[in-house]
Amino acid sequence: MALTLSQELFIQILLTIRDSGDTVINRNHWAFIGNTGVEDQQLSEGQKSWISVTHVCRLWRHMALASPIVWSLIRIPGCRPQDVPFVQMCLQRSGSTPVDILVEEQAITHVLKDIIDLVRLHADHIRCLNLVVEKTHEQIFRIDFPLPMLQTLELRAARAGDSNHFPRQYFIPDPSQLPSLRVLALENVDDPWEWDSSALIPLTSIELSGHYYGTGPSAGQYFGLLSTLCNLVTVKLIRFPIPIDMAADHNLAISLPALRHLTISHWPSHVRSVVDWLEIPLDASIHLTFYQSKNRPDEDHIVRHTIMRLLRRSAATSVHDEDATGDPFKFNCCAMSLSVWSDYDMEIQCRTSCLRHDTSGVIPLRINFAEWDEENGMETGDVMSDHLDGFGQAVASCGFECLHFAGPSMSDEESFIMEFLPHFPDIRLLEIEAIDPSGCITSLD
3 MALTLSQELF IQILLTIRDS GDTVINRNHW AFIGNTGVED QQLSEGQKSW ISVTHVCRLW
63 RHMALASPIV WSLIRIPGCR PQDVPFVQMC LQRSGSTPVD ILVEEQAITH VLKDIIDLVR
123 LHADHIRCLN LVVEKTHEQI FRIDFPLPML QTLELRAARA GDSNHFPRQY FIPDPSQLPS
183 LRVLALENVD DPWEWDSSAL IPLTSIELSG HYYGTGPSAG QYFGLLSTLC NLVTVKLIRF
243 PIPIDMAADH NLAISLPALR HLTISHWPSH VRSVVDWLEI PLDASIHLTF YQSKNRPDED
303 HIVRHTIMRL LRRSAATSVH DEDATGDPFK FNCCAMSLSV WSDYDMEIQC RTSCLRHDTS
363 GVIPLRINFA EWDEENGMET GDVMSDHLDG FGQAVASCGF ECLHFAGPSM SDEESFIMEF
423 LPHFPDIRLL EIEAIDPSGC ITSLD
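Its first residue numbered 3, the sequence shown is counted upward by one per residue in the numbering used here.
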């Protein structure tokens, strides 16, 4: 088989295996021929099935070593001592081919430091860099060297508790060192309020997320940052420190004409601040998560206002209207989900038949209701019920034809779905994903 397989076809098959998730292959399924070398197998032990494929025979081994692209995607957990030499080996074998380095778990501090040192040595051909670090007092993300080819940068730091115990990671880029950067994600990393705006203007995607302790941005900083991002196609604000005491000038608005995907996750008051002051194109898909908290009751009217503004945003006369009026923008379908404990967070995809023809598989409107801090064990069922009531009032006249719902066991939460179903009198398709839907089925009868 190996003798009749062309190098082009073999490399294509190998890349497919490499990119499919790195499931470990049982070595007993492969016949190892001769002494083909074991260095990279030892370095990738228990992780990289595609490495085993390169050791089936000498011919396949030689074809893999002669193809730099095979070694251009480097995926590691970041918590094993062999991760650093594995990254070094792949960087050397990739030659000048653009390389993506993905740390997929919380990396041990000293391992991540060594990986960043390797990135520094091979900076000229690093295209994507995704780094995740464990909880640490040390400042790890010291990326103060040119990365001329870097297009995607994700810096994520685990963090919990008071900021004095685990401070946010510090990172301020030099725009001249990142001329190709287009996608940026920061989690528990200092937010880019003081960045040189020239580093932000070229971005097409930004994600700002993480627990925030201390003073958040002022309204001026908030407007200044988002107003700079005029080329953004994708925006994700996850527990982002959004000011709710916005500027006194109600004529201010943030225009992002290229925006197509907007994700916001926060308390209702903070989600509203974004929606009220952001001009969202009609063809943008929207995913909102309203967090529940016992300390923030009586926000159902904010949920209602926020969703009504989204649905009627083309009819609003100004960004500070209390409620937009007129007919809602036509969405054929809506998805919503409930997340009520720490090990459960189901997101569902809209069926292809329900999507508008001008979309690319992204559901137009997704609403999630979730706990703010699921570890504290606080019951927020009443708060969630109030938020769902506000949601139901907002969508009552929208005429959705399809509703896609994801939630926990309906035997526990059937009251929630039965509360808002009457607000969807026009639906032709009801799709439910649940751990145990039996209670819901009984209720629907």
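Virtual Cβ for every residue (Gly too), placed ideally from N, Cα, C.
Query	Result
DSSP three-state assignment for serine 8, whether helix, strand or coil	coil
CA nearest to the CA of histidine 263, picked from Ser220, Arg311, Glu209 and Gly401	Glu209
Between the CA atoms of leucine 180 and leucine 228 - distance to the nearest angstrom	20 Å
Isoleucine 103 (DSSP reduced to helix, strand or coil)	strand
Sequence-distant residues of the same chain with beta carbon closer than 7 Å to glutamate 107, five excluded per side	Pro79, Gly80, Cys81 and Val134
Per DSSP, cross-strand counterpart(s) of arginine 170	Arginine 170 is not bridged to any residue.
Counted within 10 angstroms of its Cβ, other Cβ atoms place serine 220 as buried (16 or more) or exposed	exposed
Euclidean distance between Cα positions of leucine 183 and aspartate 119	20 Å
Range of the contiguous alpha helix (DSSP H) that encloses phenylalanine 88	85-95
Residues sharing a beta bridge with glycine 409, DSSP	Ala436
As assigned by DSSP and simplified to three states, the class of leucine 183	coil
Beta-bridge partners of alanine 109, as assigned by DSSP	Val135
Chain-order list of residues whose beta-carbon lies under 6 Å from that of glutamine 395 (same chain, five-residue window excluded)	Arg306
Meets three-Cβ-pair contact criterion under 8 Å: the stretch 127-141 and the stretch 97-117	yes
Bridge partners - asparagine 370, DSSP secondary structure assignment	Thr291 and Ser339
Straight-line gap, tryptophan 62 to phenylalanine 12 (C-alpha atoms, nearest Å)	8 Å
Burial state of alanine 159, where buried means 16 or more other Cβ atoms lie within 10 Å	buried
DSSP three-state assignment for arginine 241, whether helix, strand or coil	coil
Short Cβ contact (8 Å threshold) for valine 89 with isoleucine 76	yes
Contact check, valine 273 vs leucine 290, beta carbons under 8 Å	yes
Reference alanine 398; option with closest CA among Val277, Pro427 and Gly409	Pro427
Assigned exposure category for isoleucine 145 - 16 Cβ within 10 Å defines buried	buried
Spatial neighbours of glutamine 14 in its chain, beta-carbon cut-off 8 Å, leaving aside the 5 residues before and after	none
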